[in-house]
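**Q** Take a look at this one; I'll ask things after.
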Amino acid sequence: MQWNGFRVHIVIISVILGLLVFAGGHWLYEKYNYDEPLDKILSSNKAVESYKLSDKDQPVTVRIKLKNVDNLGKTYHELDNSLKEVLGEKEYKIELLDNRDKQLEDIFYHSQFAVYEAMARGNYREMEQYVSRQAAASGAQASVFMDREAVYLQIKHGDYYLYEIIPVNSPENQYPGLPERG
């Protein structure tokens, strides 16, 4: 069958082959420039128990289950820097998974008020002491780390551990609990 001098079946086959070559090239590019280097970095990190990459959404989501670590802030920044080396300008989001139980969730629930209060008032030493007392009252141990970007809260109880990273300067933390103006 011909259409304006072109064989339709040849055109269709050419388009399909072109799309297959393009898709295959894209897959190879992603595999060798992102997937394999990320796999190498994350699988060699002693703090990482498991991980999963989800590049179906934007930004790329990297879900990382951490082992029991000593310093959540340091571990997070090491992971973040490693991901930046591979992903470059590509946007990504890190989701940390932990090994929490109900008791740790309760401790965090009661402690988060002190964390947000400290962000608003600047009483970080009081917050750290309050969080530590809340954890100790339940037989757990809390560690609070801070930098200009976030408060890194980790609470341990037996074989269970909870990790929370609370951004310091994000717009939603400027007036926690208040609705946004609009």
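Counting along the sequence shown from 1, when you hit position 40 you're at 40 in the working numbering, and nothing is skipped either side. Here a beta-carbon is modelled for each residue, glycine too, at the ideal position from N, C-alpha and C.
Between the C-alpha atoms of P179 and A120, what's the straight-line distance to the nearest angstrom?
**A** Here residue 179 corresponds to residue number 179 of the sequence shown, with the count starting at 1. Here residue 120 corresponds to residue number 120 of the sequence shown, with the count starting at 1. With a pLDDT of 43 at P179, under the threshold of 50, the modelled position of that residue is not reliable, and the figure given next carries that caveat. Distance between the alpha carbons of P179 and A120 is about 16 Å.
**Q** What residue ranges within the region 85 to 129 form continuous alpha helix (DSSP H) runs of no fewer than 4 residues, ordered along the chain?
**A** The qualifying runs are 102 to 121.
**Q** Judging by CA-CA distance, which residue of E117, I107, E149 is the nearest neighbour of R133?
**A** As a working note, residue 133 is residue 133 in the sequence shown. With distances taken between Cα atoms, R133 lies closest to I107.
**Q** For V8 and L53, what's the separation of their Cα atoms in angstroms?
**A** Residue 8 sits at position 8 when you count from the first residue of the sequence shown. Residue 53 sits at position 53 when you count from the first residue of the sequence shown. Rounded to the nearest angstrom, the two C-alpha atoms are 41 Å apart.
**Q** With DSSP as the reference, label V8 as helix, strand or coil.
**A** Your numbering for residue 8 matches position 8 in the sequence shown. V8 falls in the helix class under three-state DSSP.
**Q** So does the region 123 to 132 actually touch the region 82 to 98, counting three or more Cβ pairs closer than 8 Å?
**A** The region 123 to 132, when compared against the region 82 to 98, does not touch it at the 8 Å Cβ threshold.
**Q** In the DSSP output, which residue or residues are listed as bridge partners for S143?
**A** Against the sequence shown, residue 143 aligns to sequence position 143. DSSP output for S143 lists Q154 as bridge partner(s).
**Q** With distance defined between alpha-carbon atoms, name the residue in G122, K74, E105 nearest to S138.
**A** As a first step, residue 138 is located in the sequence shown; it is residue number 138 there, counting from the start. The option with the nearest alpha carbon to S138 is E105.
**Q** Label S111 either buried or exposed according to how many other C-beta atoms from any shown protein chain fall within 10 Å of its C-beta, with 16 as the threshold for buried.
**A** Within the sequence shown, residue 111 is the residue found at index 111, counting from 1. Flag for S111 reads buried.
**Q** Sorted by chain position, which residues of the same chain lie with C-beta nearer than 7 Å to N71's C-beta, five sequence neighbours on each side aside?
**A** Residue 71 sits at position 71 when you count from the first residue of the sequence shown. F145.
**Q** Just how far apart, CA to CA, sit P96 and L17?
**A** Sequence index remark: in the sequence shown, residue 96 carries index 96 (1-based). Sequence index remark: in the sequence shown, residue 17 carries index 17 (1-based). In the sequence on display, residue 96 carries Leu and not Pro. One C-alpha to the other measures close to 41 Å.
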